[in-house]
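Participant:
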Amino acid sequence: MTTPADGAAPTGRRIPEAVHRRRWAILGVLMLSLLIVVLDNSILNVAIKTISTPAPTGLGATQSELEWAINAYTLVFAGLLFTAGLLGDRLGRKKVLLGGLVVFGIGSAFAAFSGSPGELITFRAVMGLGAAFVMPATLAVLMNVFEREEQPKAIGIWAGGVGLAIAIGPITGGVLLDHFWWGSVFLINVPIVLLALALMLWLVPDSRDPRPGRLDPVGVVLSVVGLVLLVYGIIKGGQLADFTDSAVLTTIGAGLAVLVAFVVFEKRSAHPSIDVTYFGNKVFSAAIAAIALVFFALMGVTFFSVFYTQSVRGYSPLQTGLLMLPLAAAQMIFAPRARLLVDRFGNRATTTGGLLVIAAMLAAFATLDADTPIWILEVVFFLMGTGMAHIMTPVSVVIMQALPREKAGSASALSNTFRQVGGALGIAVLGSVLSTAYRTGIEDKLGALPPALRHTAGESIEATLGVAAKLGPRGEALVAPAHDAFLHAMHVTALWGAGVALVGAVVVALFLPGRQRAGQAGEEERELTDARS
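First residue of the sequence shown? That's 17 in this note's numbering, and the numbers climb one at a time after it.
Next up, the structure:
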């Protein structure tokens, strides 16, 4: 229930009529706020090749630095989402939204003028801090301004906004990179932030939880430290192409140990960041697992697909953005309509079908070659977007309706935390698989290079092509082997991603509810809510 920002007790069971009348305009403002958070990563996807080129064109970032430029944002975002949701419940969702947008805009401006990969990683972390306060608040406000019967439709439109951002991001990034320097892909966020701030001040009502949870600084520190150590170890293993290295094993082990300590602490805490009792319900846990696994697979594939289209196929950043349009268009078309399939076939069949489509399309990447007709890639992207649309909408509805309306910030934060953690691990794990497979495939072709240059040249296809360009005519012999080694590495990585998606399909097929019978919805809702008691 919407609660006045001044903390007064609610006066009735229904949403105030003044708020209810402008709910669709409010949804538009919330989607604009969501747009910049998603837009940033989708723009960055087409810019990573440019950023990896030497100055003055880019920053000369290595593949591991590129992974950290993405994951610095993602890990801060994921680590603080639940605390941000609690702060929104306590201080007011509108206030937290406004503050998050301001921080995100400032981080974007500084990231645009980074002078080194290290600076870019730092300012991306600042952007992640701001985004952590934006994302859960948008969905929490949505749940507060729509009545329960309209929430699935509103969530479907909200999820379609993700597709819009995925469509706009790569194209916008391609246009900017064709005409301006690489930093423009971050600077574009600033005017969008200013517009969102103005509209939010005008339209969006404030709300808060009358009984908010207490903050959990120890839990936040444990979760962030554990995730950073785990991801660092995975990325380092890929960089070295050796996961048996003692430093890699020690770091991964320490990360897992800290995360176990985090779970134990949260279970015993009177005011946990993540209430682990929610996961006692199999339906809720399966929905969360579906989100994490699908983003694990998709974020990893997005990372390598940009190098396939630009480094192997020779497309420009703008052309790469246009090639990704089918993926975004499918999400925009099907996300708002996915609830119709849920009504007919149930959550289980719809979500399982979506994950099987994702798995099939990831496996299809293992068939792509340097001269594969490009329309095949377009079909693959479209079907991937279709599968994703039929996963995100039903599982988001299950998660958001599992908790009372006043806990909407917590439910949103849980959903987005596991989505971001899944994505971060996907980039780390699949990026490391890509690095290891690539180095294995190219190593024996680098024998003529000086030993000091050999390791650097073997880290990624861009590193190999960069060394080849510096060698002039002598380096031309490295181009074809680099393409072949990357294609093999991409095929291996895609099959790993397909395997992860299949695991997700099995989980949701076993545990998500099927088609509801009359009168079953209320009983199911009570079961979900009982998981937290």
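Just so it is clear, CB atoms sit at the ideal spot from N, CA and C, and this is done for glycine as well.
What are the complete alpha helix (DSSP H) segments, minimum 4 residues, inside the segment 286–351?
Facilitator: Complete alpha helix (DSSP H) runs here, min 4: 298–323, 333–339 and 341–350.
Participant: Is the segment 341–349 close to the segment 365–383, with three or more CB pairs under 8 angstroms?
Facilitator: The segment 341–349 vs the segment 365–383: no contact.
Participant: Determine the burial state of Asp460: buried for a count of at least 16 other Cβ atoms within 10 Å of its Cβ, exposed for fewer.
Facilitator: By one-based count along the sequence shown, residue 460 stands at place 444. Exposed is the call here.
Participant: Return yes when the Cβ of Ala88 is within less than 8 angstroms of the Cβ of Phe1, no when it is not.
Facilitator: The structure shown does not extend to residue 1, since the chain is modelled only from 17 through 549, so no value can be given for it.
Participant: Counting pairs of Cβ atoms below 8 angstroms between the segment 58–77 and the segment 119–137, do you hit three or more?
Facilitator: Yes: at least three Cβ pairs fall under 8 angstroms.
Participant: If we call anything under 8 angstroms between Cβ atoms a contact, is Leu334 one with Val191?
Facilitator: Taking the sequence shown and counting its residues from 1, the one referred to as residue 334 is at position 318. Taking the sequence shown and counting its residues from 1, the one referred to as residue 191 is at position 175. Result yes, Cβ atoms of Leu334 and Val191 sit closer than 8 angstroms.
Participant: Are there 16 or more other CB atoms within 10 angstroms of the CB of His195, so buried, or fewer, so exposed?
Facilitator: Taking the first residue of the sequence shown as position 1, residue 195 is located at position 179. Exposed: under 16 other Cβ atoms inside 10 Å.
Participant: Please look up how many angstroms separate the CB atoms of Met404 and Leu314, rounded, as I've assumed it's under 8 angstroms.
Facilitator: Position 388 of the sequence shown holds residue 404. Position 298 of the sequence shown holds residue 314. Contact flag correct, Cβ pair sits at about 7 angstroms.
Participant: Judging by CA-CA distance, which residue of Val244, Ser200, Val53 and Leu213 is the nearest neighbour of Ala440?
Facilitator: Locating residue 440 in the sequence shown gives position 424, counting from the first residue. Closest by alpha carbon: Val244.
Participant: Go to Lys110, then tell me how far its alpha helix (DSSP H) extends in each direction, as first and last residue.
Facilitator: As a first step, residue 110 must be located in the sequence shown, where it is residue number 94. Counting along the chain, the alpha helix (DSSP H) containing Lys110 begins and ends at Arg109 to Ala128.
Participant: Locate the alpha helix (DSSP H) running through Ile204, then write down its first and last residues.
Facilitator: Working through the sequence shown from its first residue, we reach residue 204 at position 188. Neither: Ile204 is in no alpha helix (DSSP H) and is coded neither H nor E.
Participant: State the DSSP-derived secondary structure class of Ser476, mapped to helix, strand or coil.
Facilitator: For this step, residue 476 is matched to residue 460 along the sequence shown. Note: Ser476 maps to coil in three-state DSSP.
Participant: Spell out a yes or no on whether the segment 104–124 and the segment 267–275 are touching, meaning 3 or more CB-CB pairs, one atom from each, closer than 8 angstroms.
Facilitator: No, the segment 104–124 does not touch the segment 267–275.
Participant: What does the Cβ neighbour count give for Gly515, buried or exposed, with the cut at 16 atoms within 10 Å?
Facilitator: Numbered from 1 along the sequence shown, position 499 holds the residue referred to as residue 515. The residue in question, Gly515, is exposed, as its Cβ has fewer than 16 Cβ neighbours within 10 Å.
Participant: Just the C-alpha distance for Asp193 and Ser200, rounded to the nearest angstrom, thanks.
Facilitator: Numbered from 1 along the sequence shown, position 177 holds the residue referred to as residue 193. Numbered from 1 along the sequence shown, position 184 holds the residue referred to as residue 200. Residue identity differs from the one stated: residue 193 is Leu in this sequence, not Asp. Distance between the alpha carbons of Leu193 and Ser200: 7 angstroms.
Participant: Taking Met506 as the reference, give the member of Arg355, Ser448, Pro389 and Val53 with the closest Cα.
Facilitator: Counting from one through the sequence shown, the residue named residue 506 turns up at place 490. Met506 has its Cα closest to that of Ser448, out of Arg355, Ser448, Pro389 and Val53.
Participant: Using three-state DSSP, classify Arg355 as helix, strand or coil.
Facilitator: The residue you call residue 355 lines up with position 339 of the sequence shown. Of the three classes helix, strand and coil, the one that applies to Arg355 here is helix, per DSSP.
Participant: So, for His499: in the same chain, excluding its five sequence neighbours on each side, which residues have a beta-carbon less than 7 angstroms away from its beta-carbon?
Facilitator: The residue you call residue 499 lines up with position 483 of the sequence shown. The answer, listed in chain order, is Val328 and Ala386.
Participant: In chain order, what residues of the same chain lie with their CB nearer than 7 angstroms to the CB of Val310, ignoring the 5 residues before and after it?
Facilitator: Position 294 of the sequence shown, counted from the first residue, corresponds to residue 310. Excluding sequence neighbours, Val310 sits near Leu371, Ile374, Met404, Ile407, Ala517 and Gly520.
Participant: Our contact map puts Arg140 next to Ala85 with C-beta atoms below 8 angstroms; I'd like the distance itself, whole angstroms only.
Facilitator: In the sequence shown, the residue the question calls residue 140 occupies position 124. In the sequence shown, the residue the question calls residue 85 occupies position 69. The pair is a contact, with the Cβ atoms about 5 angstroms apart (cut-off 8 angstroms).
Participant: If you compare alpha carbons, which of Arg284, Glu282 and Ala376 is closest to Trp512?
Facilitator: Mapped onto the sequence shown, residue 512 falls at position 496. The shortest C-alpha separation from Trp512 is found at Ala376.
Participant: Just checking, does the segment 232–239 make contact with the segment 275–289 on the three C-beta pairs under 8 angstroms criterion?
Facilitator: Verdict: yes, contact present.
Participant: Around the C-beta of Gly23, are 16 or more other C-beta atoms found within 10 angstroms, so that it is buried, or is it exposed?
Facilitator: In the sequence shown, residue 23 corresponds to position 7, counting from 1. Low confidence applies here, because Gly23 scores a pLDDT of 37, under 50, leaving its location unreliable; read the following figure in that light. Exposed.
Participant: Work out the CA separation of Met340 and Thr402 for me, nearest whole Å.
Facilitator: Sequence index remark: in the sequence shown, residue 402 carries index 386 (1-based). Sequence index remark: in the sequence shown, residue 340 carries index 324 (1-based). One C-alpha to the other measures close to 13 angstroms.
Participant: What number of angstroms, rounded off, separates the C-alpha of Glu478 from the C-alpha of Gly104?
Facilitator: Here residue 478 corresponds to residue number 462 of the sequence shown, with the count starting at 1. Here residue 104 corresponds to residue number 88 of the sequence shown, with the count starting at 1. Roughly 43 angstroms between the two C-alpha positions.
Participant: Roughly how many angstroms separate the alpha carbons of Trp198 and Gly123, rounded to a whole number?
Facilitator: For the purposes of this step, residue 198 is taken as the residue at position 182 of the sequence shown. For the purposes of this step, residue 123 is taken as the residue at position 107 of the sequence shown. Near 16 angstroms, if we compare the C-alpha coordinates of Gly123 and Trp198.
Participant: Relative to the C-alpha of Leu343, which candidate in Thr336, Thr325, Glu394 and Asp56 has its C-alpha closest?
Facilitator: Locating residue 343 in the sequence shown gives position 327, where the first residue counts as 1. That would be Glu394, whose Cα lies nearest to the Cα of Leu343.
Participant: Does DSSP classify Phe434 as helix, strand or coil?
Facilitator: Residue 434 sits at position 418 when you count from the first residue of the sequence shown. Residue state, collapsed to three classes: helix.
Participant: Do Ala308 and Gly116 have their CB atoms nearer than 8 angstroms?
Facilitator: What you label residue 308 is simply residue 292 of the sequence shown in a count that begins at 1. What you label residue 116 is simply residue 100 of the sequence shown in a count that begins at 1. No; because the gap between Cβ atoms is not below 8 angstroms, this pair is not in contact.
Participant: Suppose contacts are defined by Cβ-Cβ distances below 8 angstroms. Is Ser299 in contact with Pro529 by that definition?
Facilitator: Locating residue 299 in the sequence shown gives position 283, counting from the first residue. Locating residue 529 in the sequence shown gives position 513, counting from the first residue. In the sequence under discussion, the amino acid at residue 299 is Val, which differs from the Ser named in the question. Taking 8 angstroms as the Cβ cut-off, Val299 and Pro529 qualify as a contacting pair.
Participant: By the three-class DSSP mapping on this structure, what secondary structure does Leu75 have?
Facilitator: Mapped onto the sequence shown, residue 75 falls at position 59. Correct three-state label for Leu75: coil.
Participant: So Val445 packs on Gly316, CB below 8 angstroms; how close in whole Å?
Facilitator: Sequence index remark: in the sequence shown, residue 445 carries index 429 (1-based). Sequence index remark: in the sequence shown, residue 316 carries index 300 (1-based). Contact flag correct, Cβ pair sits at about 7 angstroms.
Participant: Rounded to whole angstroms, how far is the Cβ of Ala212 from the Cβ of Ser49, which I believe are closer than 8 angstroms?
Facilitator: One-based indexing of the sequence shown puts residue 212 at position 196. One-based indexing of the sequence shown puts residue 49 at position 33. So it is a contact: roughly 5 angstroms between Cβ atoms.
Participant: Near Ser549, what residues of its chain come up, given a Cβ to Cβ distance below 8 angstroms and the 5 sequence neighbours on each side ignored?
Facilitator: Here residue 549 refers to the residue found at position 533 of the sequence shown. Residue confidence is low: Ser549 scores 46 on pLDDT, short of 50, so the model does not pin down where it sits. No coordinate-derived value is stated.
Participant: Let me make sure I understand the geometry here. Which of Arg355, Gly442 and Phe319 has the alpha-carbon closest to that of Leu60?
Facilitator: Translated into positions along the sequence shown, residue 60 becomes position 44. Nearest C-alpha to Leu60: Phe319.
Participant: On the DSSP letters alone, give me the boundaries of the alpha helix (DSSP H) that Asp500 sits inside.
Facilitator: Your numbering for residue 500 matches position 484 in the sequence shown. Per DSSP, Asp500 belongs to the alpha helix (DSSP H) from Val495 to Phe527.
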